[in-house]
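Numbering (my numbering), first residue to last: 10 to 220.
Everything below concerns the one structure shown next.
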């Protein structure tokens, strides 16, 4: 009986370790993140910065912040808020360097009232949504509309993304509602990033766990 109980404790301990969350943002600084923008006259630290425990960007000019590490097979949780007039942004998945505008990635859209839309970005990058194979070119960046009407909160309120990247599939949930599913993704690993493209936006509670 003691051996059985000990085995159960060990199994539970291993299970809890494998499900441990990794926080990508420590609430204090942007250590382990890379900021990229085309305008070299602007100080990157004035473009993405920490304010009151959240990551904030004015949203202009365009650019992004990404993790230095690459990830695969994970559940990503991230929360965002437009504190002023909401416009456009996005969460970058399987982001592949070199850095440029725009870097190769899949995007969970954050354009206001369009969160849950899915974008394929980068020449030759592809994904299947439903019965459609979507391939990105220089001219066309396929955008796949969300499954349901917008379920975002209003400006000034926080929203959440829960994104599941497993193998070559990606599932996107907005505030708990499944809004998009992509399969046969040609990119299955990369950095995680957030976009600046229009107006001030904030990010917080950014973590992943392996799946």
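We treat Cβ as the ideally placed atom computed from N, Cα and C, and that holds for glycine.
Within a Cβ cutoff of 8 Å, which residues of the same chain sit near residue i, ignoring the five residues on either side of it in sequence?
{"i": "residue 77", "result": "41, 42, 43 and 200"}
If you measure between the beta carbons of residue i and residue j, is that distance less than 7 Å?
{"i": "residue 99", "j": "residue 116", "result": "yes"}
{"i": "residue 153", "j": "residue 33", "result": "no"}
{"i": "residue 129", "j": "residue 95", "result": "no"}
{"i": "residue 181", "j": "residue 125", "result": "yes"}
{"i": "residue 73", "j": "residue 202", "result": "yes"}
{"i": "residue 67", "j": "residue 48", "result": "no"}
{"i": "residue 122", "j": "residue 145", "result": "no"}
{"i": "residue 46", "j": "residue 172", "result": "no"}
Starting from the C-beta of residue i, find all residues in its chain whose C-beta is less than 7 Å away, skip the five residues before and the five after it, and write them out in chain order.
{"i": "residue 65", "result": "58, 209 and 211"}
{"i": "residue 186", "result": "157 and 160"}
Leaving out five residues before and five after residue i in sequence, what residues of the same chain have Cβ atoms less than 6 Å from its Cβ?
{"i": "residue 14", "result": "Unreliable positioning characterises residue 14 in this predicted model, as indicated by a pLDDT of 46, which lies under 50. The coordinate reading is nonetheless provided below. Hits under 6 Å: none found."}
{"i": "residue 120", "result": "97"}
{"i": "residue 30", "result": "216 and 218"}
{"i": "residue 88", "result": "167, 169, 213 and 214"}
Quick test of your reading: residue i and residue j, contact by CB under 8 Å. State the CB separation rounded to the nearest angstrom.
{"i": "residue 164", "j": "residue 178", "result": "At roughly 32 Å, the Cβ-Cβ gap does not stay under 8 Å, so residue 164 and residue 178 are not in contact."}
{"i": "residue 127", "j": "residue 189", "result": "4 Å"}
{"i": "residue 195", "j": "residue 184", "result": "Not really, about 29 Å apart at Cβ, beyond 8 Å."}
I need the boundaries of the alpha helix (DSSP H) containing residue i, first residue and last residue.
{"i": "residue 56", "result": "53–56"}
Just reading off the beta strand (DSSP E) that residue i is part of, what are its end residues?
{"i": "residue 43", "result": "42–46"}
{"i": "residue 64", "result": "63–66"}
{"i": "residue 184", "result": "Note, residue 184: premise wrong, no beta strand (DSSP E); not H, not E."}
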